[in-house]
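Every number in this note's numbering is 15 more than the matching position in the sequence shown, counting from 1. A virtual CB, placed ideally from N, CA and C, is assigned to each residue, including glycine.
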Amino acid sequence: MNATPSLLDVNVPMYAAGQDHPYKGACVSVMTEIAAGRVNAAIDAETVQEILYRYGALRQWKIAVALATSLLDIVPTVFAVTPADARRAVDLFERYAPLGVTARDLLHAAVMLNNGLTTIISTDQHFDRIEGIRRRDPLDVYAAARKRRP
Numbered sequence: 016m017n018a019t020p021s022l023l024d025v026n027v028p029m030y031a032a033g034q035d036h037p038y039k040g041a042c043v044s045v046m047t048e049i050a051a052g053r054v055n056a057a058i059d060a061e062t063v064q065e066i067l068y069r070y071g072a073l074r075q076w077k078i079a080v081a082l083a084t085s086l087l088d089i090v091p092t093v094f095a096v097t098p099a100d101a102r103r104a105v106d107l108f109e110r111y112a113p114l115g116v117t118a119r120d121l122l123h124a125a126v127m128l129n130n131g132l133t134t135i136i137s138t139d140q141h142f143d144r145i146e147g148i149r150r151r152d153p154l155d156v157y158a159a160a161r162k163r164r165p
């Protein structure tokens, strides 16, 4: 396992917990690999906020609490969002928002870059546009996990 964690984008646990979707199986596998300690992952505080916001908007408070709690239980590292991260996100926004990268994802990118993380596990292809960040698609993480196991 790599010593430097990959940031786990919120779409991975949400697809894993959600309805049937082409990414569901791969995302369940990624979450299983993280829980078993075979994939080193981290999240930031914004990830928890995104889960609570999404399920709160759907008035599914119990699901929000269960998913956020489960995520916090299996992901060993949670980065705070600092003033330096906020400033870097603004700089990244100026450069990458016109290319279609969302403000929330630029905040994740800022946290990553300020903490020495270079890899994110995400279905969102717009992370591919951000210099200094390499995206690992959950389908690729799933395929690698299958190769490791007989």
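For residue i, is the classification buried or exposed, using 16 other Cβ atoms within 10 angstroms of its Cβ as the cut-off for buried?
i	result
residue 163	exposed
residue 36	exposed
residue 41	buried
Taking the beta strand (DSSP E) that residue i falls in, what are its first and last residues?
i	result
residue 93	92–94
residue 135	134–136
residue 167	Nothing can be reported for residue 167, as the shown portion of the chain is limited to 16 through 165.
Helix, strand or coil: how does DSSP classify residue i here?
i	result
residue 41	helix
residue 51	coil
residue 56	strand
residue 106	helix
residue 100	helix
Let's see if you can read the secondary structure: which residues bound the alpha helix (DSSP H) around residue i?
i	result
residue 67	60–72
residue 84	76–89
residue 123	118–129
Using DSSP bridges, identify the partner residues of residue i.
i	result
residue 22	57, 135
residue 151	136
Exercise. Contact between the stretch 89–96 and the stretch 57–70: three or more CB pairs below 8 angstroms?
Worked result: Between the stretch 89–96 and the stretch 57–70 there are three or more C-beta pairs closer than 8 angstroms, enough to call the two in contact.
Exercise. Are at least three pairs of beta-carbons, each pair with one atom in the stretch 71–88 and one in the stretch 104–122, less than 8 angstroms apart?
Worked result: Contact between the stretch 71–88 and the stretch 104–122 is absent, because fewer than three Cβ pairs lie under 8 angstroms.
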